[in-house]
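1 is the number of the first residue of the sequence shown in UniProt numbering; add one for each residue after it.
Working notes, beginning with the structure itself.
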Amino acid sequence: MTGPEHVAVIAAGLGAGILTSTVGVASLLSFPVLIALGIPPVVANASNTLGLLPAAMSGSFGYRRELREVRRPTTVAVILTCAIGAIGGAALLLALPPGVFASLAPWLILFTCLIVGVQPWITRWLRSRHEHPQGERTTMTPATTFFAALTGVYGGYFGAGAGVMMMAVLGFGLDLDLRIVNALKTLALLAANLVAGFIFVLVADLDLTAAGLLAIGSVVGGYVGSHIGRRLPAALLRVLIVIAGVVAAVLMLR
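Here it is as C-alpha cells:
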C-alpha cells in the first residue's frame, strides 16, 4: 500500500471505531475500504475483524461506568454467549464459500432495525397484557440468550451490522436504559471479535498491515465513540441506529 492508502485505512479505522461504540455498523465503513484496496474478501473480512478489536476494547473501557450498572451474571452471560457464537461464525467463514451467509445480512439487518425502532411500543404492549406488571427484566432469558448467540455467530462470520442486531436483542430482552444496552453491545462485540480474531490469527490468511493500520485508528475511535454514545439521547440514538442499519442494508443489497 502507498502512503495515502495507509492514511485512508487509518481514517477508516477511526471512523469504524466511533461507529463500534455508537450505532454498531463499523464494518460497513472499514470493510469496503479494504476491498477497494484490492484485498480478497475473506482476507479483508478476517483482517477487518482483527483490526477493529482495539475499538471494542477502548469502547468497553470508555463505557466502564455504564457496565458497572449491570448485574454481573448478565454481563458474564452476554460475554460467554457471544464468544461461543463467534466460534461458530469464524468456523463458517473459513469453511463455507464467500457470500453464502453474507447474502442474508441485509435482510437480517433490516429486520433488527425494525425491532430496534418498535421495541418501546412492543414492550409497553406486552406489559399492558399483564394485570399485575412484572418486575424489570435484568437477567438473560433463554430466548434472549439464543438470539444473542445467533448474533455472535453472525459477528464471527461477517460482523457488518452485528452491533445493530445486538442492540435489538438486548434492548428487547432486557429492561435497561439504552445507553447501558449500548455499553453491553460494545462489550458483546469485544467478546465476539476477540474469539474470532484469535481463530483467524491461527488459521486464516491475514493482511497484517491493513489490520495494524485499522487498529491504530480504531483504538482512538472506540474510546471517542463511547463518549459520544453516552451523551446521545435515547430517542436520537435509536433513530441513528435504525438509519445506520437501513443504509448498511441498502449498500449491501447493491
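Even for Gly, the Cβ is constructed at its ideal location relative to N, Cα and C.
Only a predicted model underlies this, so the values are computations on that prediction, with no experimental measurement involved.
Between the C-alpha atoms of residue 155 and residue 191 there is a straight-line separation of about 10 Å. DSSP places residue 64 in the uninterrupted alpha helix (DSSP H) bounded by 64 to 67.
Judged by DSSP in its simplified three-state form, residue 10 adopts helix.
Within the model, the alpha-carbon separation for residue 36 versus residue 214 is close to 14 Å. A direct Cα-to-Cα measurement between residue 201 and residue 144 gives close to 30 Å. Less than 9 Å divides the Cβ of residue 70 from the Cβ of residue 176. An exposed status is given to residue 103, since fewer than 16 other beta-carbon atoms sit within 10 Å of its beta-carbon. Here the alpha carbon of residue 181 sits roughly 10 Å from the alpha carbon of residue 188.
Taking 8 Å as the upper bound for CB-CB distance, residue 52 and residue 218 are in contact here, some 5 Å apart.
The continuous alpha helix (DSSP H) containing residue 142 extends over residues 142 to 157. The alpha carbon of residue 203 has as its nearest neighbour, out of 42, 148, 169, the alpha carbon of 42. From the listed residues 173, 83, 26, 19, the smallest Cα separation to residue 137 is found for 173.
Within the model, the alpha-carbon separation for residue 146 versus residue 152 is close to 10 Å. Contact between residue 49 and residue 159 holds, with the beta-carbon distance rounding to 6 Å and staying under 8 Å.
With contacts defined by Cβ atoms closer than 9 Å, residue 106 and residue 252 form a contacting pair.
Here the C-alpha atom of residue 216 lies approximately 15 Å from the C-alpha atom of residue 33. A contact is defined here as three or more CB-CB pairs under 8 Å, and the stretch 226 to 239 meets this definition with respect to the stretch 58 to 67.
Each residue's CA atom was taken as its position, placing residue 150 and residue 109 some 13 Å apart. Take residue 212, set aside five residues on each side of it, and no residue of its chain has a beta-carbon closer than 6 Å to its own.
Closest in alpha carbon position to residue 78, among 197, 38, 183, 239, is 183. Pairing residue 231 with residue 66 gives a Cβ-Cβ distance that is not under 9 Å.
Around the CB of residue 99, fewer than 16 other CB atoms lie within 10 Å, so the residue is classed as exposed. For residue 89, same chain residues with a beta-carbon under 7 Å away, outside a window of 5 residues either side, are 152, 153, 154, 155, 156, 157, 196 in chain order.
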